[in-house]
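Just so you know, the sequences run in chain order A and B. Take 198 as the starting number for the first sequence in the numbering used here and just add one per residue. Take 3 as the starting number for the second sequence in the numbering used here and just add one per residue.
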Amino acid sequence: MFSRTEYEEVLQMRREFEALRTDWERIKRDYCDRKAGFREDQPRWPKGSGDDSGRWFGGAGTGTPFINNAPTGISTIDRTTNTLGKTLAKVIDTLPKGRGPLYGIAVHTAFGLAVRLGNIPGIGFNDVETTWGGVDLRYGSLGSVRTDVILRNDVGDPIAIYDVKTGGARLTDARVKELREAVAPGSKIPTIELHLERGASLKALSITARYARYVVATLHSFRGVR
Amino acid sequence: MSMEIYALSDKQLNSLAEWQKVIDAENFSLELSVDRPFQALRGFFPVKVLGAQTGFECDHWAPRDVQETYADVGFGHDWRYCLAFRWGADLKACLGAYMAAAAYASATNGVVFDCEQGTLLSAHEAVQSARDVEQQLPAMEQALHAAVKKLKSSS
Numbered sequence: 198m199f200s201r202t203e204y205e206e207v208l209q210m211r212r213e214f215e216a217l218r219t220d221w222e223r224i225k226r227d228y229c230d231r232k233a234g235f236r237e238d239q240p241r242w243p244k245g246s247g248d249d250s251g252r253w254f255g256g257a258g259t260g261t262p263f264i265n266n267a268p269t270g271i272s273t274i275d276r277t278t279n280t281l282g283k284t285l286a287k288v289i290d291t292l293p294k295g296r297g298p299l300y301g302i303a304v305h306t307a308f309g310l311a312v313r314l315g316n317i318p319g320i321g322f323n324d325v326e327t328t329w330g331g332v333d334l335r336y337g338s339l340g341s342v343r344t345d346v347i348l349r350n351d352v353g354d355p356i357a358i359y360d361v362k363t364g365g366a367r368l369t370d371a372r373v374k375e376l377r378e379a380v381a382p383g384s385k386i387p388t389i390e391l392h393l394e395r396g397a398s399l400k401a402l403s404i405t406a407r408y409a410r411y412v413v414a415t416l417h418s419f420r421g422v423r
Numbered sequence: 003m004s005m006e007i008y009a010l011s012d013k014q015l016n017s018l019a020e021w022q023k024v025i026d027a028e029n030f031s032l033e034l035s036v037d038r039p040f041q042a043l044r045g046f047f048p049v050k051v052l053g054a055q056t057g058f059e060c061d062h063w064a065p066r067d068v069q070e071t072y073a074d075v076g077f078g079h080d081w082r083y084c085l086a087f088r089w090g091a092d093l094k095a096c097l098g099a100y101m102a103a104a105a106y107a108s109a110t111n112g113v114v115f116d117c118e119q120g121t122l123l124s125a126h127e128a129v130q131s132a133r134d135v136e137q138q139l140p141a142m143e144q145a146l147h148a149a150v151k152k153l154k155s156s157s
C-alpha cells in the first residue's frame, strides 16, 4: 500500500506526465500544420464565393483570389462583378509580380484585353476604356473622360461602371460623381471598384515576409452614399 | 481612365505656356497642347510624349476630396489647389502625366501625391520619379508585349 505522501507524489507525477503529453501533442500538431502550409491568419473565401466558399486562399500554389464585397442584389451586375473580378485575378497571375505606375498600366492593359477577349455578356468591345463627353466621341477627345469597363442591359443602356485600381489608389467620391455624370447623367448607376490589394503576410514561423495579393470589389455610391 | 496622381500646391500657374517653359527647363520630352486657358483644363488633355501623340485626363480638382479620401496620408497642411492627372492603358500617357505633374509641382513649390504608392513626393522627388518611369519604359513595354501575347494565346 502507498502511504498518503507517496500517493500524492504519484498523482503529481501523473499530472506532470499528462501536461507533457499535451505539450507533445500540440508541438506535433503545429509541426504538421506548418509542414502542410497551415497559417492561423490565413483567410478563407467568404460565404457566397461559389465552389470556393470556405476554402483557404492566398496559400502557395493557388491563384490570386477574388472577394466580391459589392453585392447590389441585381443578379446581372453581381454575376458580372464576379466574372470581372476573377478575370482581373487571372490577369494578375499572368503578369510578373511588380508595383508602381508602369506595373499598374500593365495590369490595366492586360485586363482590358482579357475582358475584350472574354466575350462577357453585356460588355462589348467598345465598353472597355470608353470615351465619354468631350468635343466628340473619338478616342482621346479633348475634354473627355474614360471608364475602364461599362456593363449594359439588353437595350444597350449602361447599368454599371467598373474601375480598376492597384496599390494604395482609391476611387474618390468626386471621381465617382464625375464618372456617373459622364455615363448616365442624373442617375445613381452602381460604380464598382475592382482593387488589387497587396499586403505583407508572414508565413507562420518563417522569417520571409511574402506578398499576399487578392482582388476585392467595392461598391461606390449605389444609393448616393459610399 | 483609372490610374492617377495629383499635384497639390498653394499657388497656380497662369498659363499653359508658363507650364511648358518649366517642362522644357527640366528637359522633359513633353509637349502640351497650349491652345486653351489654364483654367479651362478639364478631361482629356492631348500631349506629345517622346514625340508620340498621346494624352491624359487633367482636371482642376478639390484638394479636400483627395485629402479626405487618403486621410491616413500626412499631407502637411490643407493645400489650396490640386490638379488631377489620370490615364489608362498607355505607358506614354503615364510618363507624360508624371512629367507634367513633376514640372507643375516644381514651378509652384508644390508636391505630387502618388496614390498607387501612397507617397507624397517633393517636386525634386517627383522629377526623379518621372525620370525613373522614363528609364523603365522600354523594359515595361517588352514585358507588356510578352504578357499580351501570353493572354492572346491562352484565350
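C-beta atoms are modelled at their ideal positions from N, C-alpha and C, and glycine is treated no differently.
K154(B) classed as buried or exposed, judged by whether at least 16 other C-beta atoms fall within 10 angstroms: Exposed, by the Cβ-count rule.
Below-8 Å beta-carbon distance, G76(B) vs any chain A residue: Chain A, which has no Cβ nearer than 8 Å to the Cβ of G76(B), makes this no.
Same chain, Cβ closer than 8 Å to G76(B), neighbours up to 5 away in sequence not counted: Within the same chain, G76(B) has close Cβ partners L122.
Residue interval of the alpha helix (DSSP H) (run including H126(B)): Taken as a continuous stretch (DSSP letters only), the alpha helix (DSSP H) holding H126(B) covers A125 to S156.
R375(A) burial status per 10 Å Cβ neighbour count (16 or more: buried): Correcting the residue type first, residue 375(A) is Glu in the shown sequence and not Arg. By the neighbour-count criterion, in which 16 or more other beta carbons inside 10 Å mark a residue as buried, E375(A) falls on the buried side.
Secondary structure of K287(A), DSSP reduced to three states: Three-state result, K287(A): helix.
Minimum Cβ-Cβ distance from S246(A) to chain B less than 8 Å: Interpretation of S246(A) is limited by its pLDDT of 45, a score under 50 that renders its predicted location unreliable; no figure is taken from the coordinates.
Beta-ladder partner(s) of W329(A), from DSSP: According to DSSP, W329(A) bridges with V342(A).
Terminal residues of the beta strand (DSSP E) in which W1(B) lies: Lying before the first or after the last residue shown, residue 1(B) is absent from chain B, which here runs from 3 to 157.
Unbroken stretches of the beta strand (DSSP E), 3 residues or longer, contained in the region 42 to 69 of chain B: You should have 46 to 51 and 54 to 62.
Contact with chain B by K294(A), beta-carbon distance below 8 Å: It does not; no Cβ of chain B falls within 8 Å.
Neighbour flag for Y83(B) against chain A, beta carbons, 8 Å: Cβ-Cβ to chain A under 8 Å: no for Y83(B).
Where W217(A) sits in the DSSP three-state scheme: The residue asked about is misnamed: residue 217(A) is Leu in this sequence, not Trp. Three-state result, L217(A): helix.
Assigned secondary structure, S11(B) (DSSP; H/G/I helix, E/B strand, else coil): In the three-state reduction of the DSSP assignment, S11(B) falls in the strand class, which pools E and B.
Cα-Cα separation, T291(A) to F30(B): Spanning the two alpha carbons is a distance of roughly 33 Å.
Where I302(A) meets chain B, residues with beta-carbon distance less than 9 Å: Here the neighbours are M5, W89, G90, A91, D92, L93, A95, C96, M142 and L146.
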